[in-house]
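Let me begin by presenting the structure, written as structure tokens, before commenting on it.
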Amino acid sequence: MKKSFKFSLAAVAAALSFLSGQIQAAEQTVKYVFLFIGDGMSMPQRMLANEYSEKLGKGKLFINTMPYQAPTRTNSANAFITDSAASGTAIACGEKTVNGCIGMDAARKRNLESIAAVAKKSGRKVGIVSTMTINHATPAAFYAHNPSRGNYYNIALDLINSDFDYFGGGGAAANDDKKASGYQGNVYDLAVGKGYTVLKGRQAIMSAKPGSGKIWAVGANGYLPYAIDRSENDVSLAEFVQQAITLLDNEKGFFIMAEGGKIDVVCHANDAGTALHETLDFNDAVKVAYEFALKHPDETLIVVTGDHETGGLQLGFAGTGYKSGTEYLQLQKCSIDKLDELLAQIANGKDKVVFDDVKGLINQYFGMYFPGQKMPEGLHFELNDKEVKELEKAFNRQYPNGKYKKGRIMSPGIIRCFNAKCSLSWTTGGHTAMPVLTSAYGKKAEMFTGLLDNTEISRKLKQVVR
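Residue 112 is where the sequence shown starts when you use the working numbering, and the numbers rise one by one after that.
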């Protein structure tokens with residue numbers, strides 16, 4: 112009897128230990144997990160959007176109000192300045208790799224497991240959303256394994272083989288690249304063969320209902336349009352996130368990664384006005400997750416980060432001293448890409464383009480007026496003689512002898528002049544090593560404090576989705 116009693120105590124202790132472990136594991140997991148990545152977005156981009164929002168009476172940028180904020184290092188395994196493939200892999204998989212590599216270790220030999228893959232194994236549904244092409248570096252890091260980010264076709268094959276439940280945003284680059292190694296056919300057709308319903312265009316995308324099975328919602332052939340250029344026929348990042356929530360909600364929960372990827376693209380072009388609107392658009396998408404979290408306060412975690420900073424955005428310009436012209440960014444009405452199109456269109460039907468032909472465009476889309484022009488009421492800029500000369504030089508390069516020369520030539524000069532008027536400047540057209548900011552809200556959000564390395568984001572999130 113005595114021996115039996117001892118055995119029973121040991122059994123009880125073991126059972127209690129097991130139960131304790133189960134309770135701790137249950138407390139550690141989170142049913143609904145959102146990860147938002149602003150590609151190219153660091154503190155300058157966030158603070159610019161915050162200042163603009165406040166000056167227009169719309170309050171602080173929501174992501175800047177989240178209760179936990181942690182500066183985050185971004186270096187790759189082989190460079191102080193990372194690219195999106197290496198940083199995306201670090202955030203997705205929790206291990207450093209070399210620039211250009213997707214979902215593999217620094218030696219490009221071992222496949223790494225992403226948060227999304229862990230979430231899928233645990234029985235959750237998984238959604239991947241991006242304003243870029245869906246097989247671009249950052250979204251690819253969550254489902255693909257490839258030594259080169261440029262192998263778009265093969266990365267798209269990994270997408271359809273992932274068995275993830277929802278993909279939304281831009282289309283697949285090189286979707287029918289017959290020269291790609293291992294070519295098997297158009298990836299959209301292959302996706303249908305793998306059980307995906309491929310929806311193209313706003314009307315088809317918005318028709319998807321819960322219970323539709325695996326969905327690939329294609330909002331554009333390439334990147335989604337910039338927020339500043341978007342039409343009513345386009346689908347926004349916020350709408351894709353909302354659809355992912357609606358389609359993926361289930362008893363076991365979900366993991367959704369959503370990327371605001373075009374912040375990076377326009378920061379490469381030093382286009383502050385368009386980058387501002389991309390950041391605000393990204394913020395709107397996060398607010399969709401927040402509205403969901405309010406309905407599931409004890410079951411939801413939202414994490415927001417950037418993969419790196421792009422452009423070396425400076426919130427100040429020597430020519431304007433301590434003045435800030437952030438509110439004047441509302442004068443910009445198109446992206447630099449759209450501006451290039453408009454500059455090309457001016458030459459249509461003209462034997463010779465003169466400088467006066469582009470002045471109206473600069474007035475209309477940037478609120479900058481030339482000496483001698485009638486100045487409008489309200490916000491506007493008056494160009495000085497030096498600025499006019501610089502713009503005229505750029506014009507002569509774009510239209511030598513009055514003939515349009517193809518390429519992005521005049522638009523950077525217009526954007527640069529406008530940025531300076533708004534008290535903004537840039538240090539580079541590439542990435543920088545500036546830390547980004549990681550923000551968190553909801554259950555287990557307190558894990559995201561202190562100075563982080565970007566690999567810690569993955570390691571912490573893997574704990575809560577197991």
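Ideal placement from N, C-alpha and C gives every residue a C-beta, glycine not left out.
Computed from a prediction, not measured in an experiment: that's the story for all the values here.
{"Query": "Decide yes or no for the touch test of the region 341 to 358 against the region 391 to 408: beta carbon pairs closer than 8 angstroms, at least 3 of them.", "Result": "yes"}
{"Query": "How close, in whole Å, do the beta carbons of E503 and C528 come, if the pair is a contact with beta carbons under 8 angstroms?", "Result": "Contact doesn't hold; Cβ gap of about 11 angstroms is too wide."}
{"Query": "Can the beta-carbon of I473 be found closer than 8 angstroms to that of V377?", "Result": "no"}
{"Query": "With distances taken between CB atoms, is the gap from Y337 to G281 smaller than 8 angstroms?", "Result": "no"}
{"Query": "For P182, write down the residues that DSSP places opposite it in a beta bridge.", "Result": "L548"}
{"Query": "Under 8 angstroms, do A255 and G312 count as touching if we go by C-beta distance?", "Result": "no"}
{"Query": "Taking 8 angstroms as the cut-off, does the region 355 to 369 touch the region 296 to 313 (at least 3 CB pairs, one atom from each stretch)?", "Result": "no"}
{"Query": "Could you give the uninterrupted runs of the alpha helix (DSSP H) lying entirely in the region 233 to 315, keeping only those of 4 residues or more?", "Result": "248 to 251, 263 to 272, 298 to 304"}
{"Query": "Kindly identify the DSSP beta-bridge partner or partners of A369.", "Result": "F147, V240"}
{"Query": "In angstroms with no decimal places, state the Cα-to-Cα distance between G132 and Q574.", "Result": "Below a pLDDT of 50, predicted positions are generally treated as unreliable, and G132, at 43, falls in that range; the measurement from the model is reported next regardless. Those two C-alpha atoms are separated by around 14 angstroms."}
{"Query": "Quick check on Q443: does DSSP put it in helix, strand or coil?", "Result": "coil"}
{"Query": "For G460, which of helix, strand or coil comes out of DSSP?", "Result": "coil"}
{"Query": "Measure how close the beta-carbons of N381 and G422 come, nearest whole angstrom, since I'm counting them as under 8 angstroms.", "Result": "6 angstroms"}
{"Query": "Identify whether H379 lies in helix, strand or coil by the three-state DSSP scheme.", "Result": "helix"}
{"Query": "Mark Q278 as exposed unless 16 or more other C-beta atoms lie within 10 angstroms of its C-beta, in which case mark it buried.", "Result": "Looking at the sequence itself, residue 278 is Phe, so the reference to Gln does not match. It is buried - the Cβ of F278 has at least 16 other Cβ atoms within 10 Å."}
{"Query": "Helix, strand or coil: which one does DSSP assign to V209?", "Result": "coil"}
{"Query": "I'd like the list of long-range same chain contacts for A383, defined as Cβ closer than 6 angstroms, with 5 residues on each side in sequence excluded.", "Result": "N530, L535"}
{"Query": "Near L572, which residues of its chain fall below 6 angstroms by C-beta distance, leaving aside the five closest residues on each side in sequence?", "Result": "I226"}
{"Query": "In the DSSP assignment, find the alpha helix (DSSP H) that holds T200 and state where it starts and stops.", "Result": "195 to 204"}
{"Query": "Under a three-way DSSP split, which group does F492 fall into?", "Result": "strand"}
{"Query": "Tell me whether S536 sits in a helix, a strand or coil according to DSSP, three-state version.", "Result": "strand"}
{"Query": "Taking buried to mean at least 16 other C-beta atoms within 10 Å of its own C-beta, is Y294 buried or exposed?", "Result": "exposed"}
{"Query": "Would you please state the rounded distance, in angstroms, between the beta carbons of A458 and V464? I believe it to be under 8 angstroms.", "Result": "5 angstroms"}
{"Query": "With L357 as the anchor, note down where its alpha helix (DSSP H) starts and where it stops.", "Result": "The residue you asked about is not Leu; residue 357 is Thr in the sequence shown. Its alpha helix (DSSP H) spans residues 348 to 359."}
{"Query": "Is the shortest distance between the beta-carbon of I457 and the beta-carbons of chain B less than 8 angstroms?", "Result": "Absence of chain B from the displayed structure is noted, only one protein chain being present."}
{"Query": "Per DSSP, H542 forms a beta bridge with which residues?", "Result": "T421"}
{"Query": "Would you check if the distance between the CB atom of K532 and the CB atom of Y439 is smaller than 8 angstroms?", "Result": "yes"}
{"Query": "With three or more C-beta pairs closer than 8 angstroms as the rule, is the region 172 to 190 touching the region 251 to 268?", "Result": "no"}
{"Query": "Using beta-carbon positions only, say whether C445 and I339 come within less than 8 angstroms of one another.", "Result": "yes"}
{"Query": "Out of curiosity, what's the CA-to-CA distance linking T539 and L426?", "Result": "14 angstroms"}
{"Query": "With the cut-off set at 8 angstroms, would you say S233 and R577 are in Cβ contact?", "Result": "yes"}
{"Query": "In three-state DSSP terms, what is K449?", "Result": "helix"}
{"Query": "Just the Cα atoms here: how many angstroms apart are V399 and L442?", "Result": "27 angstroms"}
{"Query": "Could you have a look at L335 and say whether DSSP puts it in helix, strand or coil?", "Result": "coil"}
{"Query": "Output the boundary residues of the beta strand (DSSP E) element that contains I473.", "Result": "Careful: I473 lies outside any beta strand (DSSP E), inside the alpha helix (DSSP H) at 467 to 477."}
{"Query": "Could you name the residues of the same chain whose beta carbon sits closer than 8 angstroms to that of L563, not counting the 5 residues immediately before and after it, in chain order?", "Result": "A181, P182, T183, R184, T549"}
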